[in-house]
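Asks: Quick note: the sequence shown uses the UniProt record's numbering, first residue 1, plus one each step.
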Amino acid sequence: MYTDLQLYIDGEWLNGASRKGEEVLNPATGKSLGTLPHATKADLDRALDAADKGFAVWRATSAYDRAKVLRKAADLVRERAEHIARVMVQEQGKPLAEARGEVITTADIIDWMAEEGRRAYGRIVPGRGKNVRQLVTQEPVGVVAAFTPWNFPTLTPVRKIAGALAAGCSLILKAAEETPGACVELVKCFDDAGVPKGVLNLVFGVPSDVSEHLIGSDIVRKISFTGSIPVGKHLAGLAAKGMKRATMELGGHSPVVVFGDADPEKTADTIAAFKFRNAGQVCISPTRFYVQDGVYDRFLSRFTEFANNIKLGDGLEQGTTMGPLANPRRLDAMEAIVQDTKSRGGKIVTGGKRHGNQGNFFEPTVITDVPDDSKIMTDEPFGPVAPIVRFKTFDEVVERANSLPYGLASYAFTTNTQTATMIGDALQSGMVGVNSVAISTPETPFGGIKESGYGQEGGIEGLEGYTNRKFISQG
Ligand code: NAD
1 MYTDLQLYID
11 GEWLNGASRK
21 GEEVLNPATG
31 KSLGTLPHAT
41 KADLDRALDA
51 ADKGFAVWRA
61 TSAYDRAKVL
71 RKAADLVRER
81 AEHIARVMVQ
91 EQGKPLAEAR
101 GEVITTADII
111 DWMAEEGRRA
121 YGRIVPGRGK
131 NVRQLVTQEP
141 VGVVAAFTPW
151 NFPTLTPVRK
161 IAGALAAGCS
171 LILKAAEETP
181 GACVELVKCF
191 DDAGVPKGVL
201 NLVFGVPSDV
211 SEHLIGSDIV
221 RKISFTGSIP
231 VGKHLAGLAA
241 KGMKRATMEL
251 GGHSPVVVFG
261 DADPEKTADT
271 IAAFKFRNAG
281 QVCISPTRFY
291 VQDGVYDRFL
301 SRFTEFANNI
311 KLGDGLEQGT
321 TMGPLANPRR
331 LDAMEAIVQD
341 TKSRGGKIVT
351 GGKRHGNQGN
361 FFEPTVITDV
371 PDDSKIMTDE
381 PFGPVAPIVR
391 FKTFDEVVER
401 ANSLPYGLAS
411 YAFTTNTQTA
421 TMIGDALQSG
431 MVGVNSVAIS
441 TPETPFGGIK
451 ESGYGQEGGI
461 EGLEGYTNRK
471 FISQG
């Protein structure tokens, strides 16, 4: 039912042998799913060498032929979607329907990047003199080192794999040690689709050891990281030492502004479903709810009803609408938030504690009456906890929404077109959903500003992250 956990280096699948490793646990049961081998230093050096050689082969392959291989990988992901989704649920916890959706989007991202990689257009700039030809071209940046977290075990890796490979780069991916199986299955699809050896490599290990080793190598020319702000800052520093390109997709603390002219019930249904998706462990999860006085009570009542109707359980069980948290660190973080809320006079309207006596379950939680400087209103919760507070005026809510160093996503709901335009312009974040939560698609740019990072994945901007511009002046 699960998968054989292996490393993939230079086109070869490598098992435990004499390598160190770690147990992968099912967050719904706490039981071991298998042992994940850690790459040794020699493995990492082999991956670097293979990626270097793989880059030479892949960049010499036409964009047309690269696209064919990538589309085949997308087809294989779709064919194997049910198995990959089930592997994902076991190691990550999310409900099966969510896992299936993630895997299908994973295939869609490969298709989109495969096609767009064929459109790496340049331009001709008229020269100043006779017989002068000035060309601007795009070239792949080279070997990429990518690091991905545990909340989207195939979606986040594929944004980096598909973007890099579509642009003609090779890649060494260190995926999350807590959720490695679905990514192993994803990489198998690329292997079986005929990606040449060395072009894609998958390693696991102690994150800080692996990242320092890879980023410190002269072979690596680009870093792509998704994860927390502190780790992102650390890796950005390592990249800067070698003047390497970097894309940083870091945390967020997304405000939701519900204006008094919005339909409170409809808005609550939409945003609560989005809030509790993946048990709130999503970087663009709505996390601070500012609701205008006139609709506050109705919004709170409907949102709380939604939270109370959630069925917590093993993601593989029929009817489950929210799974466990992915690891015990998240449980501790949720308890710290609840404790801080209580100590500041906040009210727990529903939830607020662990659930059951096995696995990492935490109840969907709604909080009110918390001050703006409390933990839940200032630190990214990354869990199923929703603070809902009041506001009076447009200017006041904009100031409060923009007051944090985060700038990944924000949301607003209103039926007034002018308010919709004004709030879309006023919110400081890389993505804003106005009467919409559809802010992450293969064809649109995804990324943050302020401490939420820099660079984008998705859209033409995502591909640009893997290309250098070259100017050729020919006299
Ligand atoms: P963490 O900061 O320890 O780790 C975050 C991720 O970075 C993990 O996948 C981890 O393996 C990796 N990592 C840690 N140190 C690294 C290093 N030196 N080099 C390379 N990779 C490294 O936190 P955590 O407990 O795993 O997650 C909690 C926090 O992480 C959340 O509160 C959230 O802010 C953030 N997070 C963000 C995303 C996202 O999609 N942006 C995803 C997962 C976690």
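Backbone N, C-alpha and C fix where the C-beta goes; we use that ideal spot for every residue, glycine too.
At a cut-off of 8 angstroms, is K244 close to the ligand NAD when judged by its beta-carbon and the heavy atoms of the ligand?
Replies: Outside the cutoff, so no.
Asks: Which residue wins for smallest C-alpha separation from V397, given the options P37, N26, A145, F289?
Replies: F289
Asks: For K347, which residues from the same chain have a beta carbon less than 6 angstroms from its beta carbon, with the 5 sequence-adjacent residues on both sides left out?
Replies: T368, D369
Asks: Would you say the segment 219-230 touches the segment 82-95, given that touching needs at least three Cβ pairs under 8 angstroms?
Replies: no
Asks: Looking at the structure shown, is M243 part of a helix, part of a strand, or coil, going by DSSP?
Replies: When secondary structure is reduced to three states using DSSP, M243 falls in the coil class, being assigned neither helix nor strand.
Asks: Is there at least one non-hydrogen atom of the ligand NAD closer than 8 angstroms to the beta-carbon of N327?
Replies: yes
Asks: Is F152 a contact residue of the ligand NAD, with contact defined as CB to any heavy atom under 8 angstroms?
Replies: yes
Asks: Which runs of the alpha helix (DSSP H) fall wholly inside the segment 407-475 and span at least 4 residues, in chain order?
Replies: Runs found: 417-426, 459-464.
Asks: Comparing alpha-carbon positions, which option in D209, G205, E380, N278 lies nearest G102?
Replies: Note that residue 102 is Glu in the sequence shown, not Gly. Per the Cα distances, N278.
Asks: Could you tell me whether the Cβ atoms of P364 and L316 are closer together than 9 angstroms?
Replies: no
Asks: In whole angstroms, give me the CA-to-CA distance for F394 and P264.
Replies: 17 angstroms
Asks: Report the three-state DSSP secondary structure of G280 (helix, strand or coil).
Replies: helix
Asks: Tell me which same chain residues have a C-beta within less than 6 angstroms of the C-beta of E380, skipping the five on either side of it?
Replies: G251, H253
Asks: Under 6 angstroms Cβ to Cβ from G205, same chain only, skipping five residues before and after it: list those, please.
Replies: H38, A39
Asks: Confirm, please, whether the CB-CB distance from V210 to S170 is below 9 angstroms.
Replies: Contact flag unset, no.
Asks: Excluding the five sequence neighbours on either side, which residues of its own chain have a C-beta within less than 7 angstroms of the C-beta of R46, listed in chain order?
Replies: I9, D10
Asks: Taking all protein chains shown into account, decide if L135 is buried (16 or more other Cβ within 10 angstroms of its Cβ) or exposed.
Replies: Per the 10 Å Cβ criterion, exposed.
Asks: What do you reckon, is the C-beta of H38 under 8 angstroms from a heavy atom of the ligand NAD?
Replies: Every heavy atom of the ligand NAD is 8 angstroms or more from the Cβ of H38, so no.
Asks: Cβ of T154 within 9 angstroms of Cβ of L200?
Replies: In this structure, L200 does not lie closer than 9 angstroms to T154 by Cβ.
Asks: Looking at the ligand NAD, does it come within less than 8 angstroms of S208, judged from the CB to the closest heavy atom?
Replies: yes
Asks: Does the contact criterion of 3 or more C-beta pairs under 8 angstroms hold for the segment 150-164 versus the segment 451-458?
Replies: yes
Asks: DSSP three-state call for M248: helix, strand or coil?
Replies: strand
Asks: Measuring CB to CB, does residue 560 end up less than 9 angstroms from V132?
Replies: In the structure as shown, the chain begins at 1 and stops at 475. Residue 560 is therefore absent and cannot be evaluated.
Asks: Do you know offhand how far V24's Cα is from T3's?
Replies: The straight-line gap from Cα to Cα measures roughly 11 angstroms.
Asks: Hey, which unbroken runs of the beta strand (DSSP E) at 3 residues or more fall wholly within the segment 191-240?
Replies: Runs of the beta strand (DSSP E) inside the segment 191-240: 200-203, 220-226.
Asks: For my contact list, H213 and K41 are in at a C-beta cut-off of 8 angstroms; report their separation, rounded to the angstrom.
Replies: 7 angstroms
Asks: What whole-angstrom Cβ distance do A114 and A74 have, given they're in contact under 8 angstroms?
Replies: Confirmed, about 7 angstroms.
Asks: Hey, would you say the C-beta of T156 is under 8 angstroms away from at least one heavy atom of the ligand NAD?
Replies: yes
Asks: Looking only at its chain, what residues have a beta carbon closer than 8 angstroms to the beta carbon of L14, apart from the 5 residues adjacent to it on each side?
Replies: The residues are Q6, L7, Y8, P37, D43.
Asks: Using only alpha-carbon positions, find the residue among N327, A426, Y296 that is nearest to N402.
Replies: A426
Asks: Taking 8 angstroms as the cut-off, does the CB of R330 come closer than this to any heavy atom belonging to the ligand NAD?
Replies: yes
Asks: Could you name the residues of the same chain whose beta carbon sits closer than 6 angstroms to that of E139, not counting the 5 residues immediately before and after it, in chain order?
Replies: N468, K470
Asks: Of all the options D373, V69, E305, T421, which has the alpha carbon lying nearest to the alpha carbon of C189?
Replies: V69
Asks: Tell me whether the beta-carbon of G447 lies closer than 9 angstroms to the beta-carbon of Y411.
Replies: no
Asks: For a test of your reading of the model: does the CB of I271 fall under 8 angstroms from any non-hydrogen atom of the ligand NAD? Yes or no.
Replies: no
Asks: Taking 8 angstroms as the line, does the beta carbon of G163 fall inside it for any heavy atom of the ligand NAD?
Replies: no
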